[in-house]
Structure formats: C-alpha cells, structure tokens
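Heads up: the protein sequence lines correspond to chains X and U, in order. In terms of our numbering, the first sequence is residues 10 to 368. In terms of our numbering, the second sequence is residues 291 to 1131. The C-beta atom is built at its ideal place from N, Cα and C for all residues, glycine as well.
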Amino acid sequence: MPARLATQLAAFQEALASVDSEAALYELQVAYLGKKGTVTALRGEMGKLPPDQRKGFGAEWNRVRDAIEAELEARRDYLKDQARRLDLARVEDLTLPPLRPPAGTLHPLSQTRRRLSESFQRLGFSLAVGPHVEHSKYNFDDLNVPDNHPARDMADTFFIRPHRHPGLDDHGDNDAALRLRAGELVLRTHTSPVQVRTMLTQKPPIRIVAIGTTFRCDDDATHSPMFHQIEGLYVDRGVTMADLKATLMDFTRDFYGRRLDVRFRPSFFPFVEPGAEFDIGCPFCGGDGCNLCKKTGYIEIGGCGMVHPAVFEACGIDPEVYTGWAFGFGVDRMTMSQHAVPHLRHMFEGDVRFLEQFS
Amino acid sequence: MKISHQWLREMFAEGALDAALAAWSTESTAVAYTRLLTGLGLEVEAVEVVGEGVRAILVGEIRGKSPHPKADKLTVVELFDGTGVVQVVCGASNLPPLGGKVAFAPVGAVLPGGLAIAARELRGVASQGMICSETELEIGADDSGILILPDDWGAGDRLVDRVPGIADTILELGVTPNRPDALGHLGVARDVGAKLGIPLRPPPVKRPDAANAPGLVTIAAPDRCGRYLGYVLEDMSVQPSPLWMRVRLHRVGLRAINNVVDVTNFVLMECGQPLHAFDRDRLGEGRVVVRRAGQGEPMTTLDGTQKLLTVDDLVIADASAPQALAGVMGGAPSMVHAGTHTLLLEAAWFAPAGVRATARRHGYATDSSYRFERGVDHGVGLERASLRALGLLLELAGGRCTAWTDVAGERPQQPTIPLRLPRVTALLGVEVPAEAARAVLSGLEVQVREDSPEAWTCVAPTHRPDLQREVDLIEELMRFHGLDKVPACLTVPVEARAAAHSDPITELGDRLAEGLRDAGLHEHVAMAFVAESKIEFFTVPPDRRVRVENPMRAAGVMRTHMLPGLLDALAHNIVRHTRPVRLFEVGRTYAWPERHVPKDGPTAAIDVLLPRERPVAAALIYAGAKGGVDAREITGAAVQALARVGLRARPVDPPALAAHLHPGVQAALAVDGAIVGEAGEVHPDLVRAWDLAEGTRVFYAEIDLEAVPPRRTATARDLPRFPSTARDLSLEIPLTLSAARVVAALTAAVSQVEAGPRTEAKATAGEVRLATDSFGEPAVEVLEDYRGTGVPAGHRALLLRLHYAAEQRSVTDDEAQALHNAIIAAACEALRASAPTVRPR
C-alpha cells in the first residue's frame, strides 16, 4: 500500500476511536471521504502517477475507501446501539403524583339541573324562564293565593323595595308605577310564576319546565334563603291526573335510570286542585329505611296536581275546554340526597375542596 | 296539630273506632293511623305512644308521716297501697295530710321517663317505691311538688282506671291551610269516620234553659263578625281542673291554667273553635259591642302589652273600652282570674282576612287567630262548640247559665256547587262510581241533590269553607276513593307532542360553564343578595340598586356584580387552606334600569315595573399561597369559554376602565369587534376590603351573556397548497401600548402596503401576502413580552412572528423579507402617532 494511503487510513482509524456521536461521525466522514476530504484528494493525485502504477494505486485506494466506509458503518451501528441502550437505561417514577391540567367541575346543583332538564326535554317539555324579582300578581294572586290568605304563610316572602323609574312619566305607564306599593314586588318564592307567564303568552298545548333560583326568608340547617326549584306544566284538552302520575313515573325512571316505587299523597297547594305530594321509593336503601329517607323508605320530591280553574281563569284559559297539571320539586334536596351532601351550607360556600369532588 | 287517639275515640260510639280501625288494618294503631290519615291528605309527621309507664301507678293513701332522722327536707311516709302499708321516703314539701291520696310508683314500676323504681335506702332509711309528681309521670307540667289525687279515690286503684285514656297515642298532623276543620279532633274524626264508614257520635250537648237576651251583644261591624253567641254564667268558681282534663290538655301540648281557661282550650282542641271568656263583672254594663277600633285607640292585651289600634282592627268592647282584639287575643282588664264569679262566654265567627291583618299588624300568632284566619264554622258547629263549653263549665266550675244570645252579622253564603260525574272522570282519569261518591259526600256532610244521574247539585257544610267549586268536591272524591286508584296512563298520545326546545340564554350559560370547567375552574353558586358595603366599589349608583325590604344575614341588596360573591368564596377558601382557588359562576345581576324601557307582550304591564336582570358568567383565579399565576390565565379561561360556542374572542384595550379592576391590568373581551366582557386583576382596594393579605393577586373575568353573538357553525376553509415562510420582529414599545394595538397596527399596515403601487406581477395569484391562519385571520403571532436588560425604562420588547405565503407557489426568503420590512415600516409609523418611542430592535 502506498505510504500516503496507509497514513490516511491509520489517521482515520485513530480519529474514529474517539468519535462518540453521530454528528462527529458525519464530520469525520466528510473530512476523509467528502468532496474535499483527504482520502478523496489522494484519488485526484492518481493521475500524476506513472501509468504502470496507476492501476495498483487505484485498487489500493478503493480498498482503503471501502475499509473506511465499513468502519464508519460499524461505528454508526455501534453508536446507535449505544444510544438506544442509554435511552433504555433511563428511569422515571410514574407513581409520583400525576401531573394533570387543572380539572374544573360543574356545581352539583348545575349537574342536577342539567339532568332534570335533559330528562324532561326527552319527555317533550320545553324550557321556560322568568325573572327572579317578580310581581306579587304573578307570584301569588294569579296562582290563587290572594292577599291576606293563610296560604301566603306557606312561603316566607322577601319583599323588594319598589322603584320609580326616572322618565316613566313620559311613557304613559306612570299609573302602574304609582300604584306599585310596598309588598307588591317580591323575590319569587317558587318557580310557579313562570306557569302564569307561559299561560299568558302561549296558547295550549303547553308543555314546559322551568328550573331556577327561588327565595324564602328561611335560614337554618335545612333551609337556605336561596334555593332552587323545577316547575312543570302541561295544559291541553283531555289532560288528567292519570297522565300526571304516568308522566312523573316516566320521569323517575328516566332520571334515576331504573324503576323506583312512587307514591302520591293528597295534599294542598293553592294553585292545584286536586293536589298531591309526590314521593319516590328511597333510591339508596330500596325502601328498607336509611338515614337519607329518615327511615321512611320514601324521599319527598315535591308537590303536584291539576291546575286550579282559578289559575286558568287568571291566565285567560277556559277551564271547561282545557285541563292541565303542574308539579314543583326542590332541586337542592334532590341534589343533596343524590350526592349525600352532609350540610346544606356546603352548597353555597364555594369551598374548592367541596366543589372538586363533583367531577 | 297534636291529635290524641283517646280523644278521637270519644267522637264515636263506645269502641266503634277501635273496631273499625282493626277491621281496616291489622297494623299497630300508630302505623294504621299514619297510612289512613296520610292517605287522606292529613300528613302524620310523627307518632308518639305515651303513658305506658303510668300503667303501674297506684293510688296511695297517706297513713303516717314522720321526719327523716338525718335529713331535714325528707319525710318518711307510711303509705297504704290497697293491700298493705309500705314505707316511702319523700322529698316533697306538699305532702297531703293523713288520709290524702297520692300517685304511688311501687318497686318494679318503670316511669314514663325510663326511671326504674327499686327498693333503696335514703340516708339510712329504707324506701319501697316513690311518690310521683306530674312531670315524673309526664302527664303535666307542674313540677313544684307531688301530684295530689282526690280524697275519694280508693287506695290501690290503678291510675289508668281512674283517668281513662291516660295511656294514649299522639299523632302530630301537618294540617294544610285549606283545612281549618282538621284543627280540632272532631274534624279529624269526621274524615276518619267517612273513610272507615262509622258515624260520628260526639259527646251530647244541651241548650240552656235561660232566656234569650238580645241586648247582651251588639254587632256594629256586621261585615267583620258574621255571628256571635254569648252566654252568661253566674255563681261559678275558678279552680284547678280535674286530672283527666289536665292530662288531656297536656297530651296535646297545652298547659292547664284553671277550669275556665282549660275548658275554652279543651273546646278549641276538640271542635277547632276558639272561644273567649270575659269576667262579666269587669265589663262595663255587663254587655259587649263588636266594633271597629278608633284610630289610635289604646288597649292592653292578656299578655300585658299595650297596643295602639287602627280603624281596621275589630274589637269586642264594653261601654267604654276594648276588652278583646276580636279573634286574636283577650284584653287584660276583663281577664278571668281566681276571684271571677260571673262569665260572659264568647263563641263567634270573625272574617278571616280581617283577623289575619290584625294579627299581623300587631305581631300576634295565636291558636285563636290561626283558626279564624283559616275560617271556622259559622253554622251548627259553632253553636255546638259553644254548648259543649257551656256544659263543661257548668260541670267543672258550677254555677248556672242565666242568659244567652245568638246575634247574626253577615255570614258567608254557602255556595251551590254543581258536580258533574263525567267531569270527575275527565279530571282524574278514573271513574268514581256514583254509589261511592254518594257515600263520601254524605260522610263529609255535603248535601247532595241528584238532578240527574250525572249532574248533581251540592252544598258544602259550614265547617268546610274550602269547598267552593266543583274541583274541590272532585278532590274530596279523590281523597276518599283513594289516589292510588287513579291509574298511571298517558292521556295524550306521544305522537301528538310538539318538539321540545331549550332556552337560548340557559343554553349559552351551560356551554360557557363547560368551557370554564375545561379551563380548570370550579363552579360556585353564591347568594344573589349581598351586603351593601360589598358593592360600593362598583359602578351601579345607590338609586339603581335593587333592595330587599326584609333581608337576612344583613344582605340587603340584590347583587349588581358577580365579583363580590366570588371574593366571598375566595376569602372563605383562603382562611381554610393554601391551595389555588379557581372558581366561576353563571348567574344574574340585578339593577333598576337607567331609563324606562318599554316592554312588549301580554306581560308588559308587569315587566316594566321589574328591575333588569342580566345573565353573566364570571370567573376568578387565585394562584394559592405559592403564587405564580400568569395574568393571561384569566383571559385564557374566558377565551376558552367562548370557544365552546364556536366564537373566537380576543382581549383588547378596554373602551373604559372598570373601577373594580386594577387600572393597569385589565382588558376588554371582544368577539368580532363587539365587547362581550372584561378581564383583569382585581383592584387592590377590593383585595384590602375583603381582608385578603396585602399583595394578593386575584384575577377576574366576566362575560355578558346577552352581548355574546349567536353560536357560529364552523365553515371549513381549504388548506394552503404551499408552505408559508415566517419572519420575526422585535418591537420596542412603551409599557402602556398593548399587544392588541400592535397586532392591529400590523394588520392594518398589511392592507396599506397591499393597497400601494401595484406591479403586473403583484396582481397575479403568485403574489406574496401575509398569510391567514386556519380561521382566515392575519397570521400575526405574539411570541414574547420581554422586559429584561437592554430595554429602556418604561418600555418592553414585543417579539412577533408574521407568516408569508403565496397562493400558487413557494415564497423566497427575499420576497418575504421585502414585504416584512414594508409592513414594519408602515406599522411603526402608524404607532408612533400616539407612541413616538416605538421602534424596531
């Protein structure tokens, strides 16, 4: 082998031994076999040799180049293998507390409201809404709860101080504003005024639910001054108490995902006649009696009944032509029993340690 | 309302109730009653079996008394229990003399309170049993000494035989406001009898022999007093009632006072009829007038308080002054006392609304007003109740009735109610057979005239003021026929139903809530009312705040903003733990409108009177004790929420500063150029007002649901065929110049450059342009906000990246750079108009 080739090969081999990355390997390859590489340069010198030596030199050069390429290849394989083994030797402890993007939650009351709303929409009920600050005409009078009637005691009312809108005089509605006396504006004590509003603005058939915030001056371990109700109303020709029972049974099955015992007890609500209380068999103990149902086997869900003809009359619907039923449930109590919430106050404090449980 | 089983039994023939109840159900009395009454709409809230422990109590006769040798206050009593004499040590100071009778609990007895009587020694003296007080036997409230029994009771008699019904079952009924008749045992018995099919047989009463004396009572306000029965009793003596009466009252929760008061209370509980007894000797001229009070007329009621009356108050007055607040409470001057000999007994009917208004006005809620408000009987029941009281008074207090009267005012008319049997079926969805209907109505004492097999005419009894219309009778049929007989079946076929729809604002609120949840926030529900001090930082002026007249927890204003509720929750969390607090709430704020806003539709006349309720979604982020929250998390949460309804929101410079946010750390949220909300750091003054630590950084955002444009359905854009080229830019800008404005200036500069002189080549599709992103908006990215060394004071460096592309080909670096330079130059020039120090770095 010509001495210069041998020197280059030896130099390459020495350099190769210290190469420890693929990038360095590439640099080495360029340095020897690249366009301007030292070995490549030697090939160009072949033309300067006497013709009889050229062939031999050419063969030798090829051999050296092949050797270099083979060694480069081998070294590359070695480096790849080395890198893979290093990579595999890494250890990370995935039993450390998992790193999650912060997870938010919907309030349990919202979750119940959404499920109620979905259940009733599946049963063909549209969603209706109304204001929280309501006139006593819609909250009481038109619902057959006249002023100075004991039925008003069923709900301790928050009253809103009336307000004279500036500029009202210019719009011809002044009479109404002047007539507005203390005690006429209230925080709605139930969602039932939505019934009145719906019947005043829509013609039967009416099939709605209203879910929302309601207020009563009551504040103890089991009552919050602000709470939530769902109201249902169905008005059409031929609507009966039997239909009410069937619909609420249907709802119970849909909402709780299984058949539960249901119980209807006669009761009194001024805006329905006949009226009833609606209980379901306790979904937790199956009726055997537990703490949630206070050992009765039943959970009280709310009131219901046939719309009182006086309510129809107040809303301009002829009770001889149409019949209807209505119901009202307490959303907070349903939520608390569903999730076994120990204290009502937790529901409105906004403690993240409570809220994050409801993912 | 407490109802005694023993008392109910007396409303029927001897043994009839027990037999009927046993025939109806084999359950225990308590369980049977619960099912029976609850099924009738008289909800049994609790049942208590009482007096079991009294069964062992005997009548003991005092045979000997000697002082205890070692204790001054104890007496050693020799007691005859009917069979022998036992020695009992007693601590009472009211031991009767020899021969007196006491209640004796022998060894082995277990008292109602659970105390087991055993033989024991009291300071060295053996005691074989115990002499009991009322309270120890739980048959009365007098704990001042032992119970003294009548002398003529036989030693060894069992107390339960001497006082029948002392062992009892007490039902706590929840009586709904439509059923005043069920506020007495007779009314409850009537329902029970109608259901079980046994006739009522209440204790007999007798009219007095005395002459009618019409001058005794004058009704001067006939619209408020429908009927007034008055009885004069003379030569009577006020004294304690017998034990049976005291036990009966105690069982239903009343305290025994004296025989006169006890009789009126007894009749109240038996018949549901409030009565009043005046000391007639203290009535001027011995007669009364039922009249309206004078305005400001003073009166002292039984409880000793003085009231100034109004012309709307009804009083029972003698010749000179009011002696009772009609239907509410008696007056102090003519109150029955130990020396009373002559009575005027009142049984009346007062108009319910008037009694209610008076009771409310003067802050009373008495057993009497409670019943008058709901409507007591003005017919035979009223007279019966008065005669029952008269009979009991004569029996317990002696004397005689010397005069009586029955004066009428305006009594309510009993309505004639048509009842159509097909209507029953139409409403209930089940047929009630005529025979069953007849039986129910007859049991309830409703008069029925059957005009035809299907159309009846009914008149309700005077004790049922709630029966006014056909539906009321249908409810009675349902109650007694059984609500469980109403089948559960859909009347209207499913296919006839209309499609259900949601409410757009509710829907939007739900979607935003989901977006905020996905941003890692927890939903909170705060009270809608707040303390006035909590909203002083906000811009709604005091005269537009919606105020609660009768607030609780001092929260007298409906919230004008969502932030106070979230800050309250934050403060609650911070004192309890050190973790991050990320909360949101979707709710309403309330304010009177600034100007009159006309309303449409059938409810407009009411709606113009109501405040404006604004639906808002609000979010709050606090990093926790470790700190380290980026202010952009709050804008990120808001943008994510709006993305949930397909909207791209971006923070922009606020058109006006929000007072509750830090003036230097706030932005408005814009969708397509319209402002839908705000975001920023909570103002340090608020942080201080909520007592949070100095320097606590809290971030807040809110979205006005009514300002959010409708949800957008995504329309797909074709993807660019050729890659784009990016060019970066570092701009040195004043701290107060917002990134939003820089981006806007760059975007505007693009149009300016593109609108410049056009070459032939530029007009082709091969022209280089600022690329658009996937949403068709100019591809300008803000990469970094640099505030380190090398930037002059009051400045920062904003690193931006712009993307360039052509439609039909790839872009060369030189082409992109040329356009880039032109855009930078134009943008800087525009920005320098308001911020002269802007320059590229």
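Cα-Cα separation between residue i and residue j, rounded to whole angstroms
i, j, result
"G487(U)", "P723(U)", "17 Å"
"Q62(X)", "S27(X)", "35 Å"
"A86(X)", "R72(X)", "First, the amino acid is wrong: residue 86(X) is Asp here, not Ala. Roughly 21 Å separates the two Cα atoms."
"A361(U)", "S434(U)", "20 Å"
"P155(X)", "V320(X)", "12 Å"
"L125(X)", "S119(X)", "10 Å"
"A219(X)", "T796(U)", "11 Å"
"W314(U)", "A322(U)", "8 Å"
"D369(X)", "G290(X)", "No statement about residue 369(X) is possible, as the shown extent of chain X runs from 10 to 368 and does not include it."
"D179(X)", "P901(U)", "Model confidence at D179(X) stands at a pLDDT of 47, short of 50, so the residue's coordinates are unreliable; what they give is reported in the following sentence. So the two alpha carbons sit approximately 18 Å from each other."
"L1009(U)", "G1066(U)", "10 Å"
"R94(X)", "Q17(X)", "32 Å"
"A844(U)", "V919(U)", "34 Å"
"A472(U)", "M559(U)", "10 Å"
"P6(X)", "V776(U)", "Here chain X has residues from 10 to 368 only, and residue 6(X) is not among them."
"R538(U)", "A479(U)", "17 Å"
"N384(U)", "V666(U)", "43 Å"
"R885(U)", "I606(U)", "52 Å"
Cβ-based neighbour list, residue i, same chain, cut-off 7 Å, excluding 5 preceding and 5 following
i, result
"G446(U)", "L348, V349, D371, G372 and T373"
"N502(U)", "W694 and T695"
"A921(U)", "V955, E971 and F989"
"A98(X)", "none"
"A306(U)", "I488"
"T829(U)", "A949"
Buried or exposed (CB count within 10 angstroms, at least 16 for buried), residue i
i, result
"Q613(U)", "buried"
"R1086(U)", "buried"
"G483(U)", "buried"
"P588(U)", "exposed"
"S1124(U)", "exposed"
"F1012(U)", "exposed"
"C243(U)", "A question about residue 243(U) goes unanswered here, because the residues of chain U that appear run from 291 up to 1131."
"R410(U)", "exposed"
"T231(X)", "exposed"
"E1050(U)", "Any answer about E1050(U) is weak, because its pLDDT of 44 lies below 50 and its placement is not dependable; what the coordinates show is given next. It counts as exposed."
"W334(X)", "buried"
"Q238(U)", "Because chain U is modelled from 291 through 1131, residue 238(U) falls outside the range shown and cannot be assessed."
"G53(X)", "exposed"
"N468(U)", "buried"
"K89(X)", "exposed"
Same chain, Cβ closer than 6 Å to residue i, neighbours up to 5 away in sequence not counted
i, result
"F293(X)", "C299 and L301"
"T925(U)", "P941 and A969"
"F168(X)", "G192 and V195"
"L519(U)", "A637, S676 and D696"
Nonlocal neighbours in the same chain, by C-beta distance under 8 Å from residue i, ignoring five residues either side
i, result
"D833(U)", "W882"
"G914(U)", "T868, R869, P870 and V871"
"V1128(U)", "L1021, E1022, I1023, P1024, L1027, C1118, L1121 and R1122"
"Y265(X)", "I289 and P292"
Inset, instruction - Inspect the CB distances between the stretch 125–145 of chain X and the stretch 196–204 of chain X and report whether three or more fall short of 8 Å. - result: yes
Inset, instruction - Specify whether the stretch 331–351 of chain X and the stretch 307–316 of chain X touch according to this definition: at least 3 beta carbon pairs, one from each stretch, less than 8 Å apart. - result: yes
Legend entry - Contained alpha helix (DSSP H) runs [length at least 4] in the stretch 301–325 of chain X, N- to C-terminal order: 318–323
Inset, instruction - Identify every run of the alpha helix (DSSP H) within the stretch 773–817 of chain U, keeping only runs that are complete inside it and at least 4 residues long; order them along the chain. - result: 794–808
Legend entry - Positions along the stretch 484–506 of chain U whose CB lies within less than 8 Å of some CB in chain A: No chain A appears in the structure shown, which is made up of the protein chains X and U.
Inset, instruction - Kindly confirm or deny that the stretch 951–967 of chain U and the stretch 982–996 of chain U touch, where touching means at least three C-beta pairs closer than 8 Å. - result: yes
Inset, instruction - For the stretch 258–272 of chain X and the stretch 225–239 of chain X, state whether three or more C-beta atom pairs, one from each stretch, are separated by less than 8 Å. - result: no
Legend entry - Whole runs of the alpha helix (DSSP H) within the stretch 488–562 of chain U, excluding any shorter than 4 residues: 533–541 and 549–561
Legend entry - Sufficient close CB pairs (3 or more, under 8 Å) joining the stretch 36–45 of chain X to the stretch 56–70 of chain X: no
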